[in-house]
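Residue numbers (our numbering): -13 to 294.
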């Protein structure tokens, strides 16, 4: 006996959802790698099994009838859950203690990864997987998109006010002016206006006002054309190391280059960003043992201020 006798075949449901979303049998067929005739037949079979028409067909253009509009949201949620469950299984495996950590690119490479061996030494049975977590500019709150890629935790920057997630504050962002050693003459440092006026200002393009904010905080006039722009902090770090100009960078991201003598702080004036770096955990991952182990380790690491 069938366990779910009223549930239509999955292929018919996928055909209907794709056609409803794309508004065309042809486009649905292209997405699902079948023929338009196959999509049309699957939808017709679904309508026959339900005993109601889901689409109005006006040549190649489709429009949902009331029954189709009522059916689509629940069906889409169900297909999304199937996709998420499958991705979760593929990502985390069966029985493997795997921890998927999303992190901003420069934060991962400059801060987290140099310390990660200490986590591995404490928890050799947990296998960390590091993935890039980009800032989300599509929404006003710039919410981190952890769920789509089935990430267990994220290291992220912002105000900590994100829905459906726990946010543990890690550290503030203090930006300092740095350059390749020897780029800024020692005599310039006593006069910040002269220092800035005499150097090429490298720009972080996703924070175009950073230099002006720094100038306002330190009573320095920012004038003249900006220098080359870079989208990510890791690019800006490399440009400063190459001697292209002075850069305004979070100190926490340049501990290594400062210690190795590849960069130097050229003045004491700083800028504290109102945002901070956070460990973010989706609510459905908060109580998992791997996440708890990583959170406990990471918060100790931050408190100890241990170098990499």
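Backbone N, C-alpha and C define an ideal beta-carbon position, used for all residues, glycine too.
So, for residue i: in the same chain, excluding its five sequence neighbours on each side, which residues have a beta-carbon less than 8 Å away from its beta-carbon?
i	result
residue 206	178, 179, 182, 200, 255
residue 209	183
residue 61	-1, 2, 3
residue 282	none
Within its chain, find whatever has a CB closer than 7 Å to the CB of residue i; leave out the 5 residues flanking it on each side and keep chain order.
i	result
residue 153	146, 264, 266
Can you give the Cα-Cα distance for residue i and residue j, rounded to whole angstroms?
i	j	result
residue 285	residue 193	28 Å
residue 25	residue 10	10 Å
residue 211	residue 165	18 Å
residue 241	residue -3	54 Å
residue 214	residue 136	36 Å
residue 55	residue 22	21 Å
residue 105	residue 63	37 Å
residue 287	residue 149	26 Å
residue 231	residue 279	42 Å
residue 118	residue 91	6 Å
residue 73	residue 167	47 Å
Do residue i and residue j have their CB atoms nearer than 7 Å?
i	j	result
residue 116	residue 94	yes
residue 185	residue 234	no
residue 59	residue 32	no
residue 96	residue 248	no
residue 89	residue 141	yes
Does the beta-carbon of residue i have 16 or more other beta-carbons within 10 angstroms, so that it is buried, or is it exposed?
i	result
residue 252	buried
residue -8	exposed
residue 228	exposed
residue 226	buried
residue 155	exposed
residue 87	buried
residue 275	exposed
Would you mind working out which of the options sits nearest residue i, comparing C-alpha positions?
i	options	result
residue 270	22, 70, 247	70
residue 84	262, 133, 138	138
residue 48	6, 28, 37, 15	6
residue 244	223, 260, 66, 191	223
CB-CB under 6 Å to residue i, same chain, minus the five flanking residues each way: which ones, in chain order?
i	result
residue 204	255
residue 272	152
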